[in-house]
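Participant:
Chains as they are written, first to last, in the numbering used here: chain R, 6 to 175; chain S, 738 to 841.
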């Protein structure tokens, strides 16, 4: 079953991708043409600016709509979105919770695709049912364990590819 | 074997045929869900645990599908043996985990 898609999401995603392409292209071109003139630490503002622009684009892809429009979430069938329409009227997260939810999405993107989707879907499933008083602590626990888990998952992924013979199905 | 892994295995071994979902396991063990997940994943990679998505209509249930975990036949035997050989966690350690989730 396909999750319901927010029609604004595609446009927003497209804009963000275009912005990222333009930025990356402009940076590569300017580095190729003017790179030799940059001396000392003059490259630092360029790198910082690029990072800020990429972060801005990534955040813009995450804003609004909640998880309902995110990648995968096959188990949710359109019910997902702790920061979106999936919440009950009295259950909508405050600003800090929504921010932490975006953090979970970002952490899931540090993981290999299917593993990240599963982690996020499971986190959402648990956070949906957990009592509100315990939700913030639970989100924090996911955020704290996420990066290490991402490292482990990438190591597994690397080993899987390095292993000779036929690949295991995902 | 860490105390957290022992807690998860103990919870699963109480009824090896029963499937448990993340929140249920978290409540049973006193671990935060973010702490329990990597343990379950590791046990799954080792073949001790198997998991599946709940087959429900989230709209009808008004909640997302749960991920259910269950010990495999071999996993149950290995987990029992591993727990028997492992040092039992002290009461104080268990209380500390239940209160503050030491690993989180």
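Built from N, CA and C at the ideal position, the CB exists for glycine as well.
Taking only the alpha-carbon atoms, compute the straight-line gap between residue 796(S) and residue 802(S) and give it to the nearest angstrom.
Facilitator: So the alpha carbons of these two residues sit roughly 10 Å apart.
Participant: Give a yes or no on whether 8 Å exceeds the smallest Cβ distance from residue 751(S) to chain R.
Facilitator: no
Participant: Are the Cβ atoms of residue 773(S) and residue 762(S) separated by less than 8 Å?
Facilitator: yes
Participant: Per DSSP, what are the beta-bridge partners of residue 787(S) in this structure?
Facilitator: 807(S)
Participant: So what does residue 738(S) bridge to, in DSSP terms?
Facilitator: DSSP lists no partner for residue 738(S).
Participant: Would residue 28(R) pass as a contact of residue 57(R) if the rule is Cβ separation under 8 Å?
Facilitator: No. Outside cutoff.
Participant: Would you call residue 775(S) buried or exposed, if buried means 16 or more other Cβ atoms sit within 10 Å of its Cβ?
Facilitator: Its Cβ being crowded by 16 or more others within 10 Å, residue 775(S) is buried.
Participant: So, residue 770(S) versus residue 143(R), is the Cβ gap smaller than 8 Å?
Facilitator: yes
Participant: Using a Cβ-Cβ cut-off of less than 8 Å, list which residues of the region 754-770 of chain S approach chain R; keep chain order.
Facilitator: 758, 759, 760, 763, 769, 770
Participant: I'd like to know if residue 149(R) contacts chain S, where contact means its C-beta is closer than 8 Å to some C-beta of that chain.
Facilitator: yes
Participant: By the criterion of Cβ-Cβ separation under 7 Å, what are the contact partners of residue 143(R) in chain S?
Facilitator: 769, 770, 771
Participant: Kindly say whether residue 159(R), judged by its beta-carbon, lies nearer than 8 Å to any beta-carbon of chain S.
Facilitator: Not closer than 8 Å to any Cβ of chain S, the Cβ of residue 159(R) fails to qualify, so no.
Participant: Are there three or more Cβ pairs, one per stretch, closer than 8 Å when the region 107-124 of chain R is compared with the region 148-164 of chain R?
Facilitator: yes
Participant: Tell me residue 758(S)'s beta-bridge partners as DSSP assigns them.
Facilitator: In the DSSP output, where bridge partners are listed per residue, residue 758(S) has 805(S).
Participant: Between residue 140(R) and residue 132(R), how many whole angstroms is the CB-CB distance? I'm expecting something under 8 Å.
Facilitator: 6 Å
Participant: Are the Cβ atoms of residue 129(R) and residue 759(S) separated by less than 8 Å?
Facilitator: no
Participant: Are the C-beta atoms of residue 802(S) and some chain R residue less than 8 Å apart?
Facilitator: yes
Participant: With distances taken Cα to Cα, identify the nearest neighbour of residue 805(S) among 811(S), 793(S), 814(S).
Facilitator: 793(S)
Participant: Looking only at C-alpha atoms, which of 810(S), 755(S), 782(S) sits nearest to residue 162(R)?
Facilitator: Looking at 810(S), 755(S), 782(S), the one whose alpha-carbon comes closest to that of residue 162(R) is 782(S).
Participant: Hey, does residue 774(S) have any beta-carbon neighbour from chain R nearer than 8 Å?
Facilitator: yes
Participant: Please tell me whether, using a cut-off of 7 Å, the distance from the CB of residue 55(R) to the nearest non-hydrogen atom of the ligand ADP is below it.
Facilitator: Although the ligand ADP was asked about, the structure shown includes no ligands whatsoever.
Participant: Is the CB of residue 146(R) under 8 Å away from at least one CB in chain S?
Facilitator: yes
Participant: Anything in chain S within Cβ reach of residue 166(R), meaning under 8 Å, just list it in chain order.
Facilitator: Here the premise fails: no neighbours, minimum Cβ distance about 16 Å.
Participant: Whose Cβ in chain S lies nearer than 8 Å to the Cβ of residue 124(R)?
Facilitator: Under the 8 Å cutoff, chain S gives 774.
Participant: Answer with yes or no whether the minimum CB distance from residue 127(R) to chain S is below 8 Å.
Facilitator: yes
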